[in-house]
Structures are given as C-alpha cells and as structure tokens.
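Notes follow once the structure below has been shown.
There are 2 protein chains.
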Amino acid sequence: MTVHPTHPPFGSHRDLLLVGGMPLDRLAARVGSTPFFAYDRGIIDARVAELRQELPNSVRLAYAMKANPMAAVVQHLSRLVDGLDVASAHELHTALDTGINPESISFAGPGKTEAELRQAVAAGVTIELESFREALRVTSISERLGLRARVAIRVNPDFQVKGSGMKMGGGPQQFGVDAECVPDLLAQLRTWDLDFVGFHVFAGSQNLNAEIIAESQRQTLDLLLRLADSSPWPIRYLNIGGGFGIPYSQRARPLDLALVGRNLADLVPVLEARLPQAQLTIELGRYLVGESGIYVTRVIDRKVSRGKTYLVVDGGLHHQLAASGNFGQAIRRNYPLALGNRLTADADEIVSVVGCLCTPLDLLGDNVALPKAEVGDLLVIFQSGAYGLTASPTAFLGHPAPAECLV
Amino acid sequence: MTVHPTHPPFGSHRDLLLVGGMPLDRLAARVGSTPFFAYDRGIIDARVAELRQELPNSVRLAYAMKANPMAAVVQHLSRLVDGLDVASAHELHTALDTGINPESISFAGPGKTEAELRQAVAAGVTIELESFREALRVTSISERLGLRARVAIRVNPDFQVKGSGMKMGGGPQQFGVDAECVPDLLAQLRTWDLDFVGFHVFAGSQNLNAEIIAESQRQTLDLLLRLADSSPWPIRYLNIGGGFGIPYSQRARPLDLALVGRNLADLVPVLEARLPQAQLTIELGRYLVGESGIYVTRVIDRKVSRGKTYLVVDGGLHHQLAASGNFGQAIRRNYPLALGNRLTADADEIVSVVGCLCTPLDLLGDNVALPKAEVGDLLVIFQSGAYGLTASPTAFLGHPAPAECLV
Numbered sequence: 000m001t002v003h004p005t006h007p008p009f010g011s012h013r014d015l016l017l018v019g020g021m022p023l024d025r026l027a028a029r030v031g032s033t034p035f036f037a038y039d040r041g042i043i044d045a046r047v048a049e050l051r052q053e054l055p056n057s058v059r060l061a062y063a064m065k066a067n068p069m070a071a072v073v074q075h076l077s078r079l080v081d082g083l084d085v086a087s088a089h090e091l092h093t094a095l096d097t098g099i100n101p102e103s104i105s106f107a108g109p110g111k112t113e114a115e116l117r118q119a120v121a122a123g124v125t126i127e128l129e130s131f132r133e134a135l136r137v138t139s140i141s142e143r144l145g146l147r148a149r150v151a152i153r154v155n156p157d158f159q160v161k162g163s164g165m166k167m168g169g170g171p172q173q174f175g176v177d178a179e180c181v182p183d184l185l186a187q188l189r190t191w192d193l194d195f196v197g198f199h200v201f202a203g204s205q206n207l208n209a210e211i212i213a214e215s216q217r218q219t220l221d222l223l224l225r226l227a228d229s230s231p232w233p234i235r236y237l238n239i240g241g242g243f244g245i246p247y248s249q250r251a252r253p254l255d256l257a258l259v260g261r262n263l264a265d266l267v268p269v270l271e272a273r274l275p276q277a278q279l280t281i282e283l284g285r286y287l288v289g290e291s292g293i294y295v296t297r298v299i300d301r302k303v304s305r306g307k308t309y310l311v312v313d314g315g316l317h318h319q320l321a322a323s324g325n326f327g328q329a330i331r332r333n334y335p336l337a338l339g340n341r342l343t344a345d346a347d348e349i350v351s352v353v354g355c356l357c358t359p360l361d362l363l364g365d366n367v368a369l370p371k372a373e374v375g376d377l378l379v380i381f382q383s384g385a386y387g388l389t390a391s392p393t394a395f396l397g398h399p400a401p402a403e404c405l406v
Numbered sequence: 000m001t002v003h004p005t006h007p008p009f010g011s012h013r014d015l016l017l018v019g020g021m022p023l024d025r026l027a028a029r030v031g032s033t034p035f036f037a038y039d040r041g042i043i044d045a046r047v048a049e050l051r052q053e054l055p056n057s058v059r060l061a062y063a064m065k066a067n068p069m070a071a072v073v074q075h076l077s078r079l080v081d082g083l084d085v086a087s088a089h090e091l092h093t094a095l096d097t098g099i100n101p102e103s104i105s106f107a108g109p110g111k112t113e114a115e116l117r118q119a120v121a122a123g124v125t126i127e128l129e130s131f132r133e134a135l136r137v138t139s140i141s142e143r144l145g146l147r148a149r150v151a152i153r154v155n156p157d158f159q160v161k162g163s164g165m166k167m168g169g170g171p172q173q174f175g176v177d178a179e180c181v182p183d184l185l186a187q188l189r190t191w192d193l194d195f196v197g198f199h200v201f202a203g204s205q206n207l208n209a210e211i212i213a214e215s216q217r218q219t220l221d222l223l224l225r226l227a228d229s230s231p232w233p234i235r236y237l238n239i240g241g242g243f244g245i246p247y248s249q250r251a252r253p254l255d256l257a258l259v260g261r262n263l264a265d266l267v268p269v270l271e272a273r274l275p276q277a278q279l280t281i282e283l284g285r286y287l288v289g290e291s292g293i294y295v296t297r298v299i300d301r302k303v304s305r306g307k308t309y310l311v312v313d314g315g316l317h318h319q320l321a322a323s324g325n326f327g328q329a330i331r332r333n334y335p336l337a338l339g340n341r342l343t344a345d346a347d348e349i350v351s352v353v354g355c356l357c358t359p360l361d362l363l364g365d366n367v368a369l370p371k372a373e374v375g376d377l378l379v380i381f382q383s384g385a386y387g388l389t390a391s392p393t394a395f396l397g398h399p400a401p402a403e404c405l406v
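Chains P and X are the protein sequences, given in the same order. Take the first sequence: its position 280, counted from the start at 1, is 279 in numbering that gives the first Met the number 0, and no numbers get skipped. Take the second sequence: its position 21, counted from the start at 1, is 20 in numbering that gives the first Met the number 0, and no numbers get skipped.
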C-alpha cells in the first residue's frame, strides 16, 4: 500500500524525489540548511510549452509576478512569456531587471501610491487605471515628467463567474472601473494626453472548471468589444486575466486546458475581425509556477501523545501559511505531502505533521498516511511554487528566513 | 450620531487621536511615512499596573515576546515584568539584549533545533522541555558545553479549558509532555545532570471569560501539585500560562481581571504551604501589548462602485493580516477602526475599507460606519499591538515594510 502522493511532475530515483534531476538529499546538502523552497525550472518550461500548444498562437502569455516574485524565477519566465504583471514598485524593479520591454510590463492594483505611479510612468510600463482619480493622477505625473504615460483601463465587469476560488468581478468592487462608467472615463481621456492602449479584466482566480473559464472568457470579450466602441483610439491591448487553478487536494481534478484552448480558438477570429490591432493576453500566476515548487522541511521530533503520532518539522506556517489553511481558505485541507527520502516505502502510518511554531495553528498535515518517518527525514509539501514564501508571515516568532532555489 | 469607536485607552485632542500624548498628524509627520504601527508606552504601563494591583503580590509576570518582539517594546517591558518568554533564537537574542537575568527567560516551542538548544544552554535560560527526545538533546549539549542546563517540563494537561480562542492543552497535542508521562520523565532526569526547576502549562489563549480562566488555573495548580509529588527536587518554577484575552469587536466584553485575581488569591496560600520555594508565574503576551498598538494607514482613493463606497488605504493585510480575518479566525469580524483625524465628526457614512493589495482578501473593514473620509485621511486600526506586523506576510506583493514606533 503506497497511498502517499509522489507528485507527478517531479521524478524520482529509488527512494528519493528528484528536483531538476537532482536527488533531494543532495539538493538539501547543496542548499546547506532546511527548511527551503525549491522550484523546478523544467516543470515551469513544460507548463509554458503546454500552454503554447493548447492556446491559439496569437494569444500572448503574461506572468503575474505576485504568485512568485523570486528574481531567478522571474528572470527565467521573462524569457518564456510575453509579458510580466507587477503589483508594486518592488515587483516593477524586479521585472525591469529582466530586460523585458517595459511596454510588456503591466502594473495593476487598487492602491497605487503617488510614488509608485511616478516610477511606473518613468519606466514606460502599461499602467492599469483602477479609478478616475488614478487616471487624473497619472495625467498630472505625465505632465510633470514630460512623458506620455501608457495606460489601460481595468474594468470591473457587469457579470460574475461562478465557481471561482475568489470573486474579483461583478457587483461592487474595489478593483477597476465599473463597466458602465468606462465610456465616461474614455471621454475624459480624450482631454488628457495619455497613450490609451486597451482594457484589463480579471474575473476570478484558482478555478479548476474549464467550462466556467470558457464562459467567463466569452463574456469578457463580449464586454470588451462593446466597450471598444466607446474608444476614440484603436484597441491594442486586451488582458482578459487567467484564473486557471491547480489542484491542491487529491480529490481535485486538474483543469482541462484543451477545452479552454478550443474556446479561445473560436473567439480569436471574431476578435481579430473587429479589433485587428488588439493583442489578446492571458495573465497567469499560480498556473505557471504553483506546481513547480516544493517546500522542504526536516523532521526534528517524532512524538506520540495519547495515541496520536506527531512529526514536528523545522518549518511551518511562517513559510507556508496557505498549507496550514490560514490564507484565504474557508476549509482547511491538507496540501499533498511526502517523505522526499522514502518515496517507495509503504505509507502505513497515520500522522499529523506540525511546524516548529508554538501555536496550534501550525498544522501542516492532519492525519496523513506516510511511511514511518524518522528524525532527520525530509518532509516535502507540494504545490508550493505560488503564494508560498511571500504570502507567509516570515517574521512570526523570529525564525530565520528559508532559502529559495531554482533548480 | 457618533458611533465609530474612539478607543478608550487612547486620548484625543479635538479631532485628533493622541498616541503617547502626541497628536496623530504630528506623529505621522515624525514617522515620515504611512503605513506604520505605533505603540503607546503609557497604555502598556497602565496595563502592567492594573495586573500588579489585581493579582496577588507574589505572582510573577512574564511577557511572551511572540506577541510583539519589537526591540523597544521588549526593552520597555523587561523593566516592568519579571520574566520574558521566547520562542526562537532570534527572540532569545532580543531578550538577552535587555540585560534581564537569563534565568528569568524561558524558551518554549515544540520544534527547537539543535542550534537553538545549544544557544539556550550557553545563555543559561530556562528551557521548557517539550519531549523526551528534547530532554536527551539538552543533556547531551550540556555535557558537551560543560554547563548544567536549567530546565522545566512543559506539561500537556489532562483537562481542557472550554471557551478559549485556541485549545492548547488536553487530548493529544504536539506541545509538551502528556501529564501522565511526566513522572517517567522525572525519573529519567534523575540520571541526567540537569537543573530541574519546575513546570510550565499553557492551557489556552485569547479567553475573555474570567470564570473559565479561574477554573483553568485551579485545575492547572491541582495537576502541578500532583506532579510535584514525583519530583526528586524542590519545585522553584511554576508557569501556568495566561490566555487572558482582549476584546476585538464592539460586542465583546473585556476580561474581569479582578475575578481572576481573587481566584489566584485563594490558590496562592495553598501553593505556598505545599511548595514553599515555588514562584508562580503568569505569562501574558497579547494582554500586555495588544491594546497599546494601532496600525495607521492613509486613504489613497475613495471610490463608489455600484452604490458601495470604498476607502482604499496604503496599508493592508501584508501588515495586519489578522484584521483581514485571515489569521486563525473562523469568522471574519471587523477590528475597531476610526479616522484618527476626524474623531469628533459624525459617523454618517457606511464604507468598506480595503488595503492596497491586488486581492479581494485585503478587506480591513466591511460596511463600517465612519465620518466622511477624504483622500489623505488617517485610517486607524485599533487592537494592533499584538500579532500584528510579525504575524503578517510582509513580503506579499513587495510593498515596503512599515515603520514601528513606541511612543
């Protein structure tokens, strides 16, 4: 009986998980300390290749850096995708350091500060306007800097996609400009000297249902074609977001990417006929990097309390908050776990895996079947390539920051 | 109608909140940027004084640094309390830097590493043993360093306290040694050369019900008196934790500290008769600092989307995760909020306060009554002195770290 997950995209050699072809024990020695995050560039490459194969050729891919802003990951992806999306001045710096064309960088976020907007105008990136006030601010900064800012309008759609992990469109929202107010903003933009390039809509995230994504993309393009009629300028940029999910539990099924691709193949000719200059962009974060990453911890203690076995590891929620169920999840579910140095052993023991923090929140695996673990073993949490380290309270209890490596 | 909370311990002058006697606008200018955390030393002093007045004189107070490890706060508290509790090597360093007697520092945590234990033995602090294996490790380190380690046993009690925000005792647990196994561990300790000083029990946290805390303290002391019978050495240290809660919502009522004090006054004479050398310690984190702190943000945008008004501020869940309901809370409730520069104005508008992050999780106040806010106003989140900055994912989306000040 081997019921513990050995996650498909990673290889194995005898008992050992392979990361970028390197056995996990050797990688741990190379890193020099646990815990650490490791990202497998081969898995990232394969994911991009799969997207290029399933989506129409004319669709551009952008990477939403917020999912994993590690500089090496961003550098690597900048050579594979067509654009980068940033959410802060710091992410902007990292994106610019890749050497990518600044126009291929988009900057979104409902609370951009004056200083951030100034940096974005100076950099020449595409600023996604989230409100009338922001549009006015950008105009004023453009005038002061003597630089014509490149802008798109982020649209809060007038529909909502069901089944998303998070809702980010429809109804009242802090994100973007309500669809029905976009013509007014476009009329305003006529009087300001900005380089308006198009629209951005983001209608959901972490969605595993291809039918819903397809329906959302249809509705989004319908909406954008309508809004384009109000534009005094040709539309050159249409970012319809992504929202492609990855499975976190063993019951969840992966997204049917082929279905999404077929749907886009139907939509693209209509779009090209109506808006011949528009470049259609799909923006993905988690889907590009989430499955490439693991969080590696070492078993420090193994203890039995009143009949229940605990593995205490040297990591915890301070590095992988989402795996403890404390970041946006309504219901706590175990992330896929394995003993990275005992892959072929029978999973004949039920244990709880807890982090080193002095809080009961620090639960990484609740009643998980694993091979019998010993102190020193390497406990691996899969699906840790996105919203892992940077979405975690690293300073909590003052433990050292973990290393990160791209292998 | 003024229904917005102007939090009692902070003073006000005209429209302005006072922090340590300084008007908030001047403090913001002194700090130089928003967002920031500010802690009012006068409120901390008053809380300690209140505890000294309500609790028996012989009770020692310890500060659990994990609640707020800012060095200035720890330095300040080290002169007011009798001990510091640390949860990592980094917290240990900060505690030692205060100049407090190392024996008054306790080090707890289920996943202490070999390196951390070595530092703790070298420092001469009280190590709270969480397992047999840890006891063995400490013995071996003691031998190697030629230093007799000072140790206590952390006990997982055989009862559970109802009504705590979190359960940390009773049933199977990763924390401490099951009460029924403590006599075995004490027998082992006879053969090892350690300086055994006593016990630590922590049975809950964030509890607002004084009756339950009193009952828990009775049960804890009963248990510890029983366990003391198995000790070959006199008991000098009894840390019975704390778990004193603070109110986060307007409906929650503050803890009846006087009741807790009267209960302890009944228990202390029994304890002193049975274990004359035992120093009884109450360990508090949140209760000492939580109410002293505010998180100050500035309104960047004010927008209306489909009839709903949003205030977008320059802070967010990356600094104050718990206020967004994403840190250990089952149900999201608004923290108390105010416009720190409009305290006397009528709260005649219902708004949602959102952070600057590009995620719908970044909700700081849902349908809150506030005075009409303008861009530039200072939006204050109260109850932010504990589990604020260090319990938040500061690197998320790459925004700058906020300043902290003790005023």
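Every residue gets a Cβ at the ideal spot worked out from N, C-alpha and C, and that includes glycine. In this text the structure is predicted, and so the values were computed from the model without any measurement.
Proximity winner among the options, relative to residue i (alpha-carbon distances)
i: Leu-17 of chain P; options: P:Arg-341, P:His-318, P:Gly-364; result: P:Arg-341
i: Asn-206 of chain X; options: X:Asn-238, X:Leu-283, X:Thr-190; result: X:Leu-283
i: Glu-210 of chain P; options: P:Pro-101, P:Gly-242, P:Arg-117; result: P:Gly-242
i: Ser-32 of chain X; options: X:Asn-262, X:Ser-323, X:Asp-313; result: X:Asp-313
i: Pro-55 of chain X; options: X:Leu-256, X:Leu-193, X:Ala-107; result: X:Leu-256
i: Ala-400 of chain X; options: P:Ala-66, P:Thr-296, P:Ala-88, P:Arg-46; result: P:Ala-88
i: Val-85 of chain X; options: X:Gly-169, X:Ala-119, X:Glu-113, X:Ala-402; result: X:Ala-119
i: Ser-105 of chain P; options: P:Ala-28, P:Leu-50, P:Gly-240; result: P:Gly-240
i: Ser-304 of chain P; options: X:Gly-145, X:Arg-59, X:Leu-23, X:Glu-179; result: X:Glu-179
i: Ala-272 of chain X; options: X:Met-21, X:Leu-224, X:Gln-382; result: X:Leu-224
Contact under 8 Å by Cβ, residue i with residue j
i: Val-353 of chain P; j: Val-311 of chain P; result: yes
i: Leu-266 of chain X; j: Ala-227 of chain X; result: no
i: Val-73 of chain X; j: Leu-83 of chain X; result: yes
i: Pro-410 of chain P; j: Cys-355 of chain X; result: Look at the range of chain P in this structure, 0 to 406, and you will see that residue 410 of chain P is not part of it.
i: Gln-187 of chain X; j: Ile-234 of chain X; result: no
i: Val-160 of chain P; j: Gly-123 of chain P; result: no
i: Leu-360 of chain X; j: Asn-325 of chain X; result: yes
i: Val-295 of chain P; j: Pro-34 of chain P; result: yes
i: Glu-102 of chain X; j: Thr-125 of chain X; result: yes
i: Ala-322 of chain P; j: Ile-380 of chain P; result: yes
Chain-ordered chain X contacts of residue i [CB-CB under 7 Å]
i: Arg-332 of chain P; result: Simply none; closest approach about 15 Å.
Assigned exposure category for residue i - 16 Cβ within 10 Å defines buried
i: Ile-293 of chain P; result: buried
i: Gln-319 of chain X; result: buried
i: Pro-156 of chain P; result: buried
i: Thr-280 of chain P; result: buried
i: Thr-190 of chain P; result: exposed
i: Val-196 of chain P; result: buried
i: His-3 of chain X; result: Low per-residue confidence applies at His-3 of chain X: pLDDT is 43, beneath 50, and the placement is therefore not dependable, though the value from the model is reported in the following sentence. Buried, because 16 or more other Cβ atoms sit within 10 Å of the Cβ of His-3 of chain X.
i: Glu-127 of chain X; result: buried
Chain X contact residues for residue i, given Cβ-Cβ distances below 8 Å
i: Asp-416 of chain P; result: Examination of residue 416 of chain P is not possible in this model, given that chain P is present from 0 through 406 alone.
i: Lys-307 of chain P; result: Pro-171
i: Thr-389 of chain P; result: Pro-392, Ala-394, Phe-395, Leu-396, Gly-397
i: Asp-177 of chain P; result: Ser-304, Arg-305
Residue i: contacting residues in chain P (beta-carbon distance under 8 Å)
i: Cys-357 of chain X; result: Lys-65, Ala-86, Ala-107, Gly-108, Pro-109, Phe-174
i: Asn-325 of chain X; result: Asn-325, Phe-326, Gly-327
Beta-carbon contacts of residue i that lie in its chain and below 7 Å, excluding the five residues immediately before and after
i: Leu-184 of chain P; result: Phe-131, Ala-134, Ile-152, Val-176
i: Val-374 of chain P; result: Val-298, Ile-299, Asp-300, Arg-301
Cutoff 8 Å; reference residue i; Cβ partners in own chain excluding five residues on either side
i: Asp-347 of chain X; result: Met-0, Ala-368, Pro-370, Lys-371
i: Pro-392 of chain P; result: Leu-316, His-317, Leu-320
Proximal residues of chain P, C-beta to C-beta of residue i below 7 Å
i: Arg-225 of chain X; result: Going along chain P, no residue has its Cβ under 7 Å from Arg-225 of chain X, so there is no contact; the nearest lies around 18 Å.
i: Ser-130 of chain X; result: Asp-300, Lys-302
i: Glu-49 of chain X; result: Chain P residues near Glu-49 of chain X: none, gap ~26 Å exceeds 7 Å.
Neighbourhood of residue i by C-beta distance below 6 Å, restricted to the same chain and skipping five residues each side
i: Thr-343 of chain X; result: Asp-14
i: Tyr-62 of chain P; result: Leu-76, Val-80, Leu-83, Leu-287
i: Ser-291 of chain X; result: Tyr-38, Asp-39, Ile-42, Ile-43, Gly-384
i: Leu-396 of chain P; result: Leu-356
Residues that residue i contacts on chain X, provided the C-beta gap is smaller than 9 Å
i: Val-311 of chain P; result: Pro-109, Gly-110, Glu-129, Ser-130, Gln-173
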